[in-house]
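Chemist: Numbering (the numbering used here), first residue to last: 107 to 353.
Quick reminder that beta carbons are idealized off the backbone N, C-alpha and C, glycines included.
First the structure, which I've put down as structure tokens, then a few questions once you've had a look.
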Ligand SMILES: [Zn+2]
């Protein structure tokens, strides 16, 4: 599904548009036609629908060079091994997560607790893959002629990154599970979760004028992204926590 020039939605499960595995987060493709990067992998362990969706857009999967993760939760990273192997691409993840992904540390990626809570089937296991690069605040990732700027945005998970694309004078934020439609957030009861850090992460985008907000689930905004960020910040500003989407 083409969202705008150079940006496609190639995977999305039941908390989205239903174009791939039900457990998938939104899986985006950023491509200038010569190079491409997939942002978040989806649930896995296999995701042929995602590769089919790339072809349906008339894009040759061979032009894709990278998988970039916002964070390590299974619905965002679980298909990483499959995509890295099938497409022969490199994987880039937030600083501090390489070892977890390469060793399959299910405690650190919160999969053990999420599985016990019934969010994943009992037999769901994380498939490991090699991470070629970790990125942190201020790092840039080149995708052909396009440039993604890295923002460290922990709170929902730690580490957690968001990636900003500037195009035609506008800003587009691939925000993972940072914030959702109407300023909702996802705060799990887990050691990696912190409302304090989440508020600080969102504060990086105060008065930023974000146009496109491309989150990990639910609605996407092509123009009014800042309104959703502002709605969450308005709650934090009164020392309360935005509405939790998972209630
Ligand atoms: Zn998550």
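Starting from the C-beta of residue 361, find all residues in its chain whose C-beta is less than 8 Å away, skip the five residues before and the five after it, and write them out in chain order.
Modeler: An answer regarding residue 361 cannot be provided, because it is not within the stretch 107 to 353 covered by the chain.
Chemist: For a quick check, are the C-beta atoms of residue 309 and residue 286 less than 9 Å apart?
Modeler: On the chain shown, position 203 is the one that residue 309 refers to. On the chain shown, position 180 is the one that residue 286 refers to. No.
Chemist: When we look at the beta-carbon of residue 183 and count the other beta-carbons within 10 Å, is it buried (16 or more) or exposed?
Modeler: Here residue 183 is taken as the residue at index 77 of the chain shown, counted from 1. When all chains shown are included, residue 183 counts as buried.
Chemist: Going by the beta-carbon positions, is the gap between residue 166 and residue 251 smaller than 9 Å?
Modeler: The sequence position of residue 166 within the chain shown is 60, counting from 1. The sequence position of residue 251 within the chain shown is 145, counting from 1. Cβ distance not < 9 Å, so residue 166 and residue 251 don't count as in contact.
Chemist: Closer than 5 Å between the C-beta and any heavy atom of ligand 1: which residues qualify, listed along the chain?
Modeler: The filter returns 179 and 283, in chain order.
Chemist: How far does the alpha helix (DSSP H) with residue 154 in it reach, from first residue to last?
Modeler: Your numbering for residue 154 matches position 48 in the chain shown. Here the alpha helix (DSSP H) through residue 154 covers 154 to 162.
Chemist: Using only CA atoms, which one of 243, 132, 302 and 276 lies nearest to residue 269?
Modeler: Position 163 of the chain shown, counting from 1, holds the residue named residue 269. For residue 269, the nearest C-alpha among the options comes from 243.
Chemist: Could you tell me the distance, in whole angstroms, from the CA atom of residue 175 to the CA atom of residue 135?
Modeler: One-based indexing of the chain shown puts residue 175 at position 69. One-based indexing of the chain shown puts residue 135 at position 29. In a straight line, the C-alpha of residue 175 is about 12 Å away from that of residue 135.
Chemist: What does the Cβ neighbour count give for residue 274, buried or exposed, with the cut at 16 atoms within 10 Å?
Modeler: Taking the first residue of the chain shown as 1, we reach residue 274 at position 168. Classification for residue 274: exposed.
Chemist: Taking the runs of the alpha helix (DSSP H) that are 4 residues or longer, which of them lie wholly in the region 172 to 259?
Modeler: The qualifying runs are 180 to 183, 186 to 193, 204 to 209 and 217 to 222.
Chemist: Tell me whether residue 300 sits in a helix, a strand or coil according to DSSP, three-state version.
Modeler: Here residue 300 refers to the residue found at position 194 of the chain shown. Of the three classes helix, strand and coil, the one that applies to residue 300 here is coil, per DSSP.
Chemist: Is it buried or exposed, residue 216, if we count other Cβ atoms within 10 angstroms and call 16 or more buried?
Modeler: Within the chain shown, residue 216 is the residue found at index 110, counting from 1. Buried is the call here.
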